[in-house]
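In terms of this note's numbering, the sequence shown opens at residue 470 and continues consecutively.
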Amino acid sequence: MSISYKTERFVGLKQALEQANLLQTVVLFSEVKKIDHIDPLSFYRAGRERYEGERFFWQDPEKEIVIAGLGKALKLQVPADLNRFSSMEANWSTIRNTAVITGVTDIIATGPLLFGGFSFDPNKSDSRLWEHFGDNLFYIPSLMLSVVKGQAYVTTNTLCTPGIKGEILIEQINDWDKLVNGKTIESMPENKVQSQTEIHPEAWKDTVAQAVQELKETDMDKIVLARELRVTCTERIQSETVLNQMQKEQPKSYIFSLESESDCFIGATPERLVKKQDSEMLSACLAGSIARGKTEEQDTLLGNELLHDEKNLMEHQYVVSMITGALETVCEKLMVPREPGLMKNRHIQHLYTPVRGTCARDVSMFQVVDKLHPTPAMGGLPKEKAVSRIREIEELERGFYAGPIGWIDSYGNGEFAVGIRSGLLQGNEASLFAGCGVVADSIPESEYRETSIKFNPMLSALGGTLNE
470 MSISYKTERF
480 VGLKQALEQA
490 NLLQTVVLFS
500 EVKKIDHIDP
510 LSFYRAGRER
520 YEGERFFWQD
530 PEKEIVIAGL
540 GKALKLQVPA
550 DLNRFSSMEA
560 NWSTIRNTAV
570 ITGVTDIIAT
580 GPLLFGGFSF
590 DPNKSDSRLW
600 EHFGDNLFYI
610 PSLMLSVVKG
620 QAYVTTNTLC
630 TPGIKGEILI
640 EQINDWDKLV
650 NGKTIESMPE
660 NKVQSQTEIH
670 PEAWKDTVAQ
680 AVQELKETDM
690 DKIVLARELR
700 VTCTERIQSE
710 TVLNQMQKEQ
720 PKSYIFSLES
730 ESDCFIGATP
740 ERLVKKQDSE
750 MLSACLAGSI
760 ARGKTEEQDT
770 LLGNELLHDE
780 KNLMEHQYVV
790 SMITGALETV
800 CEKLMVPREP
810 GLMKNRHIQH
820 LYTPVRGTCA
830 RDVSMFQVVD
840 KLHPTPAMGG
850 LPKEKAVSRI
860 REIEELERGF
870 YAGPIGWIDS
880 YGNGEFAVGI
890 RSGLLQGNEA
900 SLFAGCGVVA
910 DSIPESEYRE
920 TSIKFNPMLS
930 ALGGTLNE
């Protein structure tokens, strides 16, 4: 078996090298193997010494797809403008169309895969806080573990440049084999919070009050305003520790991390933006929220209150209308429940409406993300006016917060979530972000309390003191 596998590797690599020399361009060689189960977070942790600053992690709420990536075979960034989604699609298509893939070639989330995200607003991406991310950042990992419906696969990605010696690349791939076959690290270090500080909370309330007045006087229906909480820990925060806590505490959320140099964008978001698998497309409308109850009875009462709250139902309908309108342009048929249900996470519950559609197989994920981002749950309505006003009055460097984050494979499958319930890890500090929808009858103090609750998933994962 190993002789056959190695022969396949050599043949595939030879083909990629010949193609690189013929086309005089870089060609990606991707090799996929089915392996015995390895825990993805342990794999992520084991890559810390060699690949810290070049790792990513993804786990969907159903745990159908869990991905851990180490190293950067190729990094992709495009200009911060209104064409950023189509520019990223064009770059990805060029790489995908010339890639040589060997081994397992028919499994979702394996082989050449692009992981990363976009900032919330390309017109406000020049930020010192987010300098290691820029407006957008994607990369193809050198080594990737994908667990798809319980079965593990490892992908090695090698960039073949014109004139490079095949022996060098074989040595590199063999070295990666040792990492996959080596012992994974099970223990996780502890994290201790030293302090947590809200950034200008009173000024934020004043901004909400200002926005409420503008909503009453203009044709803007809604604006989403976010704020920041800064956490300082006694030691450098390790992303795997935070991910480990999220897996325990937020199992129904998308759990993700994206490292860039010394920083890490990380979170446990409940909100799917879009998922595409073959011709099936899924999205989710998530807007309107309330706290969880301390008892089952109180929790039910709070849930019923949310289901009948006019402000929250109106906010939710804004999102449903926008998402269904956008997906109707790429889907032949959409299925949308008439009324929302509840999505209950550990610290908060939301109004939730799933959307399911059928689309052409060749519909681009980036095209759909472009149509959907930002939803009214993240920006407001009308979209352009709300985002422009956020840019002017929000004293926050959102960066990747509330932006699309996710992955796309070479078969056109992929999934993007909305980067909320998230934070930016920088050394022993973390900047946490939370926002809320402001409408004409919003009360600043109530919106402040709502954002306080939304900090809790990240605070809990870091070991901080939770807000009541």
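Virtual Cβ for every residue (Gly too), placed ideally from N, Cα, C.
In terms of residues, what are the limits of the beta strand (DSSP E) holding residue i?
i: Thr-738; result: 732-738
i: Gln-895; result: 891-895
i: Arg-517; result: Per DSSP, Arg-517 belongs to no beta strand (DSSP E); it is in the alpha helix (DSSP H), 517-520.
i: Arg-699; result: 691-702
i: Arg-705; result: From DSSP, Arg-705 is part of no beta strand (DSSP E); its letter is neither H nor E.
i: Arg-825; result: 817-828
i: Ala-537; result: 534-539
i: Arg-741; result: 741-746
i: Ile-877; result: 873-878
i: Val-569; result: 569-572
Are residue i and residue j touching if we call contact CB-CB under 8 Å?
i: Met-847; j: Val-887; result: yes
i: Thr-701; j: Glu-884; result: no
i: Glu-518; j: Thr-625; result: no
i: Pro-843; j: Ala-756; result: no
i: Pro-739; j: Arg-867; result: no
i: Gly-586; j: Phe-869; result: yes
i: Ser-758; j: Gln-716; result: no
i: Phe-589; j: Ala-871; result: yes
i: Trp-561; j: Phe-725; result: no
i: Val-838; j: Pro-873; result: yes
i: Glu-728; j: Phe-525; result: yes
i: Gly-881; j: Lys-745; result: yes
i: Lys-674; j: Glu-784; result: no
i: Ile-564; j: Leu-582; result: no
i: Thr-627; j: Ala-542; result: yes
i: His-601; j: Glu-864; result: no
i: Ala-578; j: Ile-536; result: yes
Ignore the nearest five residues each way along the sequence and tell me which others in residue i's own chain have a CB closer than 8 Å to its CB.
i: Glu-533; result: Val-617, Lys-618
i: Thr-827; result: Ser-748, Glu-749, Met-750, Cys-800, Glu-801, Lys-802
i: Ile-472; result: Its pLDDT being 39, under 50, Ile-472 is placed unreliably in this model, and the value from its coordinates should be taken loosely. No residues qualify anywhere along the chain.
i: Met-689; result: Glu-683, Gly-849, Leu-850, Pro-851, Lys-854, Ala-855, Arg-858
i: Ile-504; result: Ala-621, Tyr-622, Val-623, Val-649
i: Met-470; result: Since pLDDT at Met-470 reaches only 33, below the 50 mark, its modelled position is unreliable, and the value read off the structure follows with that caveat. Same-chain partners within the cutoff: there are none.
i: Asp-768; result: Arg-761, Gly-762, Lys-813, Gln-818
i: Met-804; result: Val-824, Arg-825, Gly-826
How is residue i classed by DSSP in three states: helix, strand or coil?
i: Leu-935; result: coil
i: Arg-645; result: The sequence as given places Trp at residue 645; Arg does not occur at that position. Helix, per DSSP.
i: Glu-808; result: coil
i: Met-470; result: The predicted model places Met-470 with a pLDDT of 33, which falls under 50 and marks its position as unreliable; any figure quoted below should be read in that light. Coil, per DSSP.
i: Met-927; result: helix
i: Val-547; result: coil
i: Ser-722; result: coil
i: Ile-431; result: Residue 431 falls outside the range modelled here, since the chain spans only 470 to 937, and no answer is possible.
i: Pro-843; result: coil
i: Met-613; result: strand
i: Thr-625; result: strand
i: Glu-766; result: helix
i: Glu-916; result: helix
i: Asn-592; result: helix
i: Asn-605; result: strand
i: His-785; result: helix
i: Gln-528; result: strand
i: Gln-620; result: strand
i: Val-496; result: strand
i: Phe-869; result: coil
i: Glu-558; result: helix
Please return the same chain residues whose Cβ sits closer than 6 Å to the Cβ of residue i, not counting the five positions on each side in sequence.
i: Leu-776; result: none
i: Ile-862; result: Thr-676
i: Gly-933; result: Val-662, Gln-665, Val-700
i: Gln-714; result: Ala-930
i: Thr-703; result: Lys-661, Gln-663
Find the nearest neighbour of residue i within the set the options, judged by alpha-carbon distance.
i: Asn-925; options: Glu-718, Asp-732, Ala-489, Ser-726; result: Glu-718
i: Glu-730; options: Asp-878, Glu-521, Phe-498, Phe-589; result: Glu-521
i: Val-573; options: Arg-553, Gln-546, Ser-615, Glu-558; result: Ser-615
i: Leu-771; options: His-816, Val-788, Leu-742, Phe-734; result: His-816
i: Ala-795; options: His-785, Pro-809, Val-824; result: Val-824
i: Gly-896; options: Leu-865, Asn-882, Leu-598, Lys-763; result: Leu-598
i: Ile-706; options: Met-657, Lys-685, Tyr-723, Val-789; result: Met-657
i: Pro-530; options: Leu-698, Ile-668, Ser-722; result: Ser-722
Who are the near neighbours of residue i in its chain, counting only those whose CB is closer than 7 Å to its CB and skipping five residues on each side?
i: Ala-485; result: Val-496, Phe-498, Val-569, Cys-629
i: Gly-892; result: Ile-735, Gly-736, Ala-899, Ser-900, Leu-901, Phe-902, Met-927
i: Val-547; result: Arg-553, Ser-556, Met-557, Asn-560, Asn-605
i: Pro-809; result: His-785, Leu-820, Tyr-821, Thr-822
i: Ser-792; result: Per the sequence shown, the amino acid found at residue 792 is Ile instead of Ser. Cβ neighbours of Ile-792 beyond the five flanking positions: Ser-752, Cys-754, Val-824, Leu-841, Thr-844.
Span of the alpha helix (DSSP H) holding residue i?
i: Asp-675; result: 670-686
i: Glu-853; result: 852-862
i: Ser-758; result: Not the alpha helix (DSSP H): Ser-758 falls in the beta strand (DSSP E), residues 749-760.
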